[in-house]
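Read in order, the letters of the sequence shown correspond to residues 8 to 47 in this note's numbering. Step one of this worksheet: look at the structure below.
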Amino acid sequence: MEIDEEWTTGRKYFNMDEHEAWKKAQQAWRESAQACAATA
């Protein structure tokens, strides 16, 4: 049985929304860096 960590401990240790935003920012940075490298 799966139990939500925040529900059992009262704390949330990892915010997936923040993680997804970070991943999108990293991907955008990589794409812009590749575009700059391709034009140089």
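We treat Cβ as the ideally placed atom computed from N, Cα and C, and that holds for glycine. As the structure is a computational prediction, the values presented were derived from the model and not from experiment.
Task: Through-space distance from Lys30 to Asp24, alpha-carbon basis - done: Rounded to whole angstroms, Asp24 to Lys30 spans 10 angstroms at the Cα level.
Open item on the list: Rounded to the nearest angstrom, what separates Gly17 and Ser39 at their Cα positions?
Closed with: A direct Cα-to-Cα measurement between Gly17 and Ser39 gives close to 40 angstroms.
- [ ] Could you please give the first and the last residue of the uninterrupted alpha helix (DSSP H) stretch that includes Asp31?
- [x] Looking at the sequence shown, residue 31 is not Asp but Lys. Element bounds for Lys31: 23-46.
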